[in-house]
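Down below is the structure, laid out as structure tokens.
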Amino acid sequence: MPEAPLTISDRIQQKLEGLTRAERQLAHSILENYPASGLGPLTALAKDAEVSVPTVARMVQKLGFKGYPEFQAELREELRAKVKGPIAKHDTWADGAPEGHMLNRFTDAVIDNIRHTLGQIDPQAFDAACALVGDTGRHLYIVGGRVTHTLAEYLFLHMQVIRPRITHIQSTSNAWPHYLLDVTPDDVFVIYDVRRYENNTLKLAELAHAQGAKIILFTDQWRSPVHQLADICFSSRIVVPSAWDSAATTLLLTETMISAVQNLDWNNTRRRMEGLEEMFDQTKLFRKFT
166 MPEAPLTISD RIQQKLEGLT RAERQLAHSI LENYPASGLG PLTALAKDAE VSVPTVARMV
226 QKLGFKGYPE FQAELREELR AKVKGPIAKH DTWADGAPEG HMLNRFTDAV IDNIRHTLGQ
286 IDPQAFDAAC ALVGDTGRHL YIVGGRVTHT LAEYLFLHMQ VIRPRITHIQ STSNAWPHYL
346 LDVTPDDVFV IYDVRRYENN TLKLAELAHA QGAKIILFTD QWRSPVHQLA DICFSSRIVV
406 PSAWDSAATT LLLTETMISA VQNLDWNNTR RRMEGLEEMF DQTKLFRKFT
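Here you go:
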């Protein structure tokens, strides 16, 4: 299966360390409102980033494009992909679907997504996110959307065992503003938001950010608008031969975070697990075969 093409965001991240000061300034400006940031005239992009027009031209070539028009064309394609609904996504892959069983094609796509995603993640940023999530001195809030609430619930269920002071907020609920009444600057929000980004999730993030809370975002390769507010952002590849996006890579990151956090204070985690098992035994929740 051919490799998924790099997004412009991917290219910028790969080149970031080798850019000049002005080029890095331009790169960060592009990423702030990506991928819509470069859709205007070249001079407008240069003005917004407070750099020269030649700086934009050099940067575009460093990213592998012949010129600004080619750069813009790629951005437009990414923007179209970003807003696709399920039917449009299905039509995109169905017309050119390669031969072979769906199990193989789907698995190849997921493996490719995982490889590209892990290649873009900074291990130090991941460790920092796990440290925030595992810090019992901070209240932890976990937020998901219409579809991603399943990932949020999965993380919440495990974190309930690992640590105290945790709240699951469903951003689609009309009651979620109540949860923000007690948010302090020491608190941490883990937010899931993938394309077809939800207005409720963005508003919740804005309010949490305004109250000084730390935000860890799990999003896709095009990045939710919440990324502008996030302290740490993990962008997963999500495209597969389906009408729906894949959660496999995001789940991988979530399960890795669970594993890392449980080991930060294993003695305490173990005590909580043992206490939970005792309650399971008392309630006879699970069948025993001995």
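Heads up: the sequence shown runs through residues 166 to 455, numbered per the numbering used here.
Think of the CB as a built atom: it goes at the ideal place given N, C-alpha and C, for glycine as much as any other residue.
| Query | Result |
| --- | --- |
| Sub-8 Å separation of Thr384 and Leu316 beta-carbons | no |
| Limits of the alpha helix (DSSP H) - the one that Asp213 falls within | Leu207 to Ala214 |
| Limits of the alpha helix (DSSP H) - the one that His193 falls within | Arg186 to Glu197 |
| Continuous beta strand (DSSP E) assignments of at least 3 residues falling wholly in the segment 316-356 | 331-335 |
| Backbone secondary structure at Gly309 - three-state DSSP | strand |
| 8 Å Cβ cutoff met for Leu394 and Ala370 | yes |
| Assigned secondary structure, Thr434 (DSSP; H/G/I helix, E/B strand, else coil) | helix |
| Where Leu171 sits in the DSSP three-state scheme | coil |
| Range covered by the beta strand (DSSP E) that runs through Leu382 | Lys379 to Asp385 |
| Minimum C-alpha distance to Gly310 - residue among Lys368, Leu417 and Val298 | Lys368 |
| Straight-line Cα distance separating Phe291 from Trp341 | 27 Å |
| Close Cβ partners of Pro390 (< 7 Å) along its chain, the five nearest in sequence each way excluded | Tyr362 and Leu367 |
| Three-state secondary structure (DSSP) of Gly291 | Reading the sequence as shown, one finds Phe at residue 291 and not Gly. Looking at Phe291 - three-state DSSP - the assignment turns out to be helix. |
| Cα-Cα separation, Glu318 to Val326 | 13 Å |
| Arg328 versus Thr337: straight-line alpha-carbon distance, rounded | 25 Å |
| Per-residue burial, Ser401 [other beta carbons within 10 Å of its own, 16 or more giving buried] | buried |
| Under the three-state DSSP convention, the category Ser407 falls into | coil |
| Extent of the continuous alpha helix (DSSP H) to which Ser424 belongs | Ala413 to Leu429 |
| Residues near Gln386 in its chain [Cβ-Cβ closer than 6 Å; skip 5 each side] | Thr172, Ser400 and Arg402 |
| Three-state class that DSSP yields for Ile286 in the structure shown | coil |
| Best match in Asn364, His323 and Ala373 for proximity to Arg437 [C-alpha to C-alpha] | His323 |
| Inter-residue spacing [alpha-carbon to alpha-carbon] between Met267 and Leu297 | 39 Å |
| CA-to-CA distance, Ser202 to Leu196, given in whole angstroms | 8 Å |
| For Ile397, the residue or residues it bridges with in DSSP | Ile381 |
| Spatial distance of Asn278 from Val404 (CA atoms) | 7 Å |
| Cutoff 6 Å; reference Asn269; Cβ partners in own chain excluding five residues on either side | none |
| Under 8 Å between C-beta atoms of Val355 and Ala378 | no |
| Exposure label - Leu441; buried when at least 16 CB within 10 Å | exposed |
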